[in-house]
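Novice: Can you keep this structure in mind? I'll have questions shortly.
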Amino acid sequence: MAMPEYEFVDVYVPRGVSRKEATRLLTDHAEYGHWELDRLSLRTDGSRRVRLKRRIIRQVRATW
Numbered sequence: 673m674a675m676p677e678y679e680f681v682d683v684y685v686p687r688g689v690s691r692k693e694a695t696r697l698l699t700d701h702a703e704y705g706h707w708e709l710d711r712l713s714l715r716t717d718g719s720r721r722v723r724l725k726r727r728i729i730r731q732v733r734a735t736w
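Counting in the working numbering, the sequence shown runs from 673 upward without gaps.
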């Protein structure tokens, strides 16, 4: 069986965004775009870099 393939997107959350707003933003991505958290980096200036991932589902052609 092949390893699952993922696509990634980077989301930049600026310094002034509250934790509650950032949580709501990431929750919306998860619920509506089927993204899940891959990595979160807190930078020295207070901004956050979030990497989200979702599985790529390939359709198999029917051979009939």
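By construction, the Cβ of each residue, glycine as well, lies at the ideal position given by its N, Cα and C atoms.
1. On the DSSP bridge list, what partners appear for residue 723?
2. With distances taken Cα to Cα, identify the nearest neighbour of residue 722 among 714, 691 and 732.
3. Find the nearest neighbour of residue 712 within the set 732, 695 and 727, judged by alpha-carbon distance.
4. Determine the extent of the alpha helix (DSSP H) in which residue 700 is found, giving its start and end residues.
5. Starting from the Cα of residue 684, find the closest Cα among 726, 720, 736 and 724 and give me that residue.
Specialist: Quick look at the numbers:
1. Residue mapping note: residue 723 aligns to position 51 of the sequence shown, counting from 1. DSSP, once it has assigned bridges, lists 682 and 711 as partnering residue 723.
2. Taking the first residue of the sequence shown as position 1, residue 722 is located at position 50. Considering only alpha carbons, the answer is 714.
3. Here residue 712 corresponds to residue number 40 of the sequence shown, with the count starting at 1. Nearest of 732, 695 and 727 to residue 712, Cα basis: 695.
4. As a working mapping, residue 700 is identified with position 28 in the sequence shown. Residues 691–705.
5. Along the sequence shown, one-based indexing puts residue 684 at 12. Comparing Cα-Cα distances from residue 684 to each of 726, 720, 736 and 724, the minimum goes to 720.
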